[in-house]
Every structure is written in structure tokens, then in C-alpha cells.
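Protein chains in written order, with the numbering used here: chain A, 5 to 119; chain B, 12 to 124.
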């Protein structure tokens, strides 16, 4: 499986600011995703990061709040904008595994606390 | 609304026992099913996938799938304290795209030494 590195691993931010999370993969991957795990909750897919085109967002998530970049096949960023305490979560980058298996592999996550 | 349901637990089992974790899903058309293990403060780690009815064994882990009853289970034999974690069931609904999972809320397993 690919090695997935996320930065920062954790951060504390003030309300109204933004945080950008970076995801670096050690090999080229086609499918890259961003998930959110709110405290005590399971994982929810935010969007699919598409290389060379706009991200595909899931219901309830919008580009203005969660802009995503995917400049190449090994890197993506997720920005969480105009932070509120409700954005306090773990944000996880994930990549697809072997083709057509549906397997997903996750980075270590970025724990965001908004004051 | 597609759903994946798990008992949140905690499920407590003594060391050496069999731990049985269950998951039900609502989309009858789902074709692939995954179990992830998540240690506290860590990210989910894929431990099993299953695509066909029946049992699939991998070491101490056995995944069981019954599409007619819409449930998938995970058995952990000879449970060890290191198995203590939250186990997440994940199911991509039919037509959603291979990697677009719906995750259950997870079952917290505690293996008592």
C-alpha cells in the first residue's frame, strides 16, 4: 500500500480563520479522497480530489467551505475555511488501493480544534 | 438514505476468546464490504475485504457475508489485548462509485487480559 503523509498532524485555530491540510503520497495514485471524522462519529466523505480538474463534492459539502487542490498524482490539499467550532474534527486523506478492489488507505489524519 | 449500522459497544471479551462483530447495511445492491480497525487516536487500517457470500479467512480474522440478510460480520479468534480498537464496517452503495464508502459508526472492542 502507498505511504500517505499528512501535515499538520494537529492544529488549534481561531474562529474565522482557515487551515490548509497537505497530503503527500509516495507513489502516483488516481483516486484521492478527503474524509472527516467528527468527535465520536464515523467517517464522512467530503470530496474526491481530481487531478487537473475541480474536486467532486458530496452532499452537504461545498467548494467555498472546503476548497481542494490536486496539482499532480501524488499531492493534494484541503482547506477548511471560515472556521467555526463545529469544524473541529479529524480530517483524513485517503487513496485507492489495488485497481477495482475498492480498498482505501488512510493517512494519519489531521486533528483540528477550533476555539 | 443508505445506512450501515453497527452496535457501538463496547464489546468486552476475555483474552483468547472469539470476538464477533456485526454490521447490517441497507442497500441490497452493495457488492463489496470492508472492515477497518481504528486504534484510539489513529487512522483506520484496512483489515478485511469480502465480496462473495460465505466466509473469508485471513489469519485470526474471518469475515462472513450474507447478502440475502444484508449483514456482514467479523470474527476475531484468539483475541489479544492488542486487538482492542474500534472496528468500522464500510460499504460502497451500488452505483455510488467503488471508493465512496458509507461507514458504520464502529464497534469498540475491549479484550481483557
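Cβ atoms here follow ideal geometry from the backbone N, Cα and C, with glycine treated the same way.
Start and end residues, beta strand (DSSP E) containing residue 58 (chain B): Per DSSP, residue 58 (chain B) is one residue of the beta strand (DSSP E) stretching across 56-61.
Which bits of chain A does residue 60 (chain B) rub up against, with CB to CB less than 8 angstroms? Within chain A, the residues near residue 60 (chain B) are 105, 106 and 107.
The ligand ADP and residue 77 (chain B): does the residue's C-beta get closer than 7 angstroms to at least one heavy atom of that ligand? As presented, the structure is devoid of all ligands, the ligand ADP included, so that no description of it is given.
Buried or exposed: residue 21 (chain A), going by 16 or more other Cβ atoms within 10 Å of its Cβ? By the neighbour-count rule (16 or more Cβ atoms within 10 Å), residue 21 (chain A) is not buried but exposed.
Taking residue 113 (chain A) as the query, report the chain B residues whose CB atoms sit under 7 angstroms from its CB, ordered along the chain. Those are 54, listed as they occur along chain B.
Span separating the alpha-carbon of residue 128 (chain B) from that of residue 96 (chain A): Since the first and last residues shown for chain B are 12 and 124, residue 128 (chain B) lies out of range.
For residue 45 (chain A), return the contacting residues in chain B, with the cut-off set at a CB-CB distance below 8 angstroms. Chain B residues near residue 45 (chain A): 116.
Is residue 94 (chain A) buried or exposed, if buried means 16 or more other CB atoms sit within 10 Å of its CB? Label assigned to residue 94 (chain A): buried.
Which of helix, strand or coil DSSP assigns to residue 92 (chain A): Of the three classes helix, strand and coil, the one that applies to residue 92 (chain A) here is coil, per DSSP.
Partners in chain A for residue 103 (chain B), counting only beta-carbon separations shorter than 7 angstroms: Taking a Cβ-Cβ cut-off of 7 angstroms, the neighbours of residue 103 (chain B) in chain A comprise 106, given in sequence order.
Ordered along the chain, which non-local residues of its own chain (more than five positions away) have a Cβ less than 6 angstroms from that of residue 31 (chain A)? Same-chain partners within the cutoff: 6.
Span of the beta strand (DSSP E), counted from its first residue to its last, around residue 33 (chain A): Taken as a continuous stretch (DSSP letters only), residue 33 (chain A) belongs to no beta strand (DSSP E), as it is neither H nor E.
Using three-state DSSP, classify residue 75 (chain A) as helix, strand or coil. In the structure shown, residue 75 (chain A) sits in a strand (DSSP, three-state: E or B).
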